[in-house]
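A short write-up of the structure that comes next.
In the working numbering, the protein residues as written are 10 to 303.
If you want it as structure tokens, here you go:
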């Protein structure tokens, strides 16, 4: 049996799975055949049956019931975090609309709110800003409550300790990764995980072979790269991107480069500039001494 992914997909999957040999929840974005010709429930069901019989359906993963609570808490945390970002943007947009500069995080601090509200001369606009601040406090408190429940639920799973061994994967990122991935066995290889996370490079190639002097030869023209794939899980990509950019933002890379320059000065070169070749050379030496981990 097959049906398309939608609002009732998770409930229908749990309901129908024990009664059929194979249940496929298909991706509606991949079913281009349903967009052609006349449409009705009966016609769409017939087309889905034909696609299922031919093996052309792209399935959506369902099946880890043990992580259902963690998955729902992760969804709540991500949704409330996005709502908190929207409220914060509304607060700053209100000040900017009246020509008030509001860079930084001081505008959100409770102890500075009276000072910022006094900068608004219009009574109606000031009252509107107060409503936004009340909404901000409510969403912040709700986010903290969901965060506590998410962390408490994630500690029940042993995979959390394994994920936290990855650099810059903290308790929140580990819990979200568990909820979004659920199980690594759903991916055939690491390349499918890259695609799901939006980190896979798409290529385009045509005319791979050509005739030269009557002989068929492979063309030496390189494949054209078209950037990262657009169809992916945006929350997964945000987790990996934030974990990858934290070393540069937190000072790990800036602290590492002066160390390389100092080693070069001690070697007697007399120059503190570290080029690409020098950096790679010192990185290799540090790895051999087991004091630097890539």
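Every residue, glycine too, gets a C-beta built ideally from N, C-alpha and C. Just so you know, these numbers come straight off a predicted model, no measurement behind them.
{"query": "Sort 105, 216 and 157 by Cα distance to residue 83 and report the nearest one.", "result": "157"}
{"query": "Can you give me the C-alpha to C-alpha distance between residue 145 and residue 110, rounded to a whole angstrom?", "result": "20 Å"}
{"query": "How many angstroms separate the CA atom of residue 93 from the CA atom of residue 99?", "result": "10 Å"}
{"query": "Under three-state DSSP, which class holds residue 14?", "result": "coil"}
{"query": "Consider the Cβ of residue 246: report whether some Cβ of chain C lies at a distance smaller than 8 Å.", "result": "In the displayed structure, chain C is absent; only one protein chain is listed."}
{"query": "Between residue 246 and the rest of its own chain, which residues show a CB-CB distance below 8 Å, the 5 nearest in sequence each way excluded?", "result": "206, 207 and 208"}
{"query": "How should residue 279 be labelled, buried or exposed, when 16 other C-beta atoms within 10 angstroms of its C-beta is the threshold for buried?", "result": "Note that residue 279 has pLDDT 46, beneath the 50 cutoff, so the model's placement of it is unreliable and no number is given."}
{"query": "Would the beta-carbon of residue 54 be found less than 7 Å away from any heavy atom of the ligand SAH?", "result": "The ligand SAH is not part of the structure shown, which contains no ligands of any sort."}
{"query": "Evaluate residue 57 with the Cβ neighbour count: other Cβ atoms within 10 Å of its Cβ, from every protein chain shown; 16 or more gives buried, anything less gives exposed.", "result": "buried"}
{"query": "Pull up the DSSP beta-bridge partners for residue 94, would you.", "result": "Note: residue 94 sits in no beta bridge, so no partner."}
{"query": "How long is the line joining the alpha carbons of residue 45 and residue 68, rounded to whole angstroms?", "result": "21 Å"}
{"query": "With distances taken from CA atoms, which of 226, 211 and 227 is nearest residue 241?", "result": "211"}
{"query": "Would residue 87 and residue 244 qualify as a contact pair, given that the criterion is a beta-carbon distance under 8 Å?", "result": "yes"}
{"query": "Comparing C-alpha positions only, which one of 216, 231, 182 and 52 sits nearest to residue 164?", "result": "182"}
{"query": "Among 76, 36, 130 and 254, which one has its Cα closest to the Cα of residue 185?", "result": "76"}
{"query": "Is residue 186 helix, strand or coil when you go by DSSP?", "result": "helix"}
{"query": "How is residue 30 classed by DSSP in three states: helix, strand or coil?", "result": "coil"}
{"query": "Spatial neighbours of residue 252 within its chain, please: C-beta separation below 7 Å, excluding the five flanking residues on both sides.", "result": "177, 178 and 182"}
{"query": "In this structure, how does DSSP classify residue 221 when only helix, strand and coil are distinguished?", "result": "strand"}
{"query": "For residue 232, which residues of its own chain have a beta-carbon under 8 Å away from its beta-carbon, when the five flanking residues on both sides are left out?", "result": "212, 213 and 214"}
{"query": "Hey, out of 191, 90 and 230, whose CA is closest to residue 155's CA?", "result": "90"}
{"query": "Could you spell out the range, first to last residue, of the alpha helix (DSSP H) harbouring residue 172?", "result": "168-172"}
{"query": "Compare the C-alpha of residue 204 against each of 217, 190 and 216 and name the closest.", "result": "190"}
{"query": "Based on Cα-Cα distance, which residue from 102, 120 and 119 lies nearest to residue 112?", "result": "102"}
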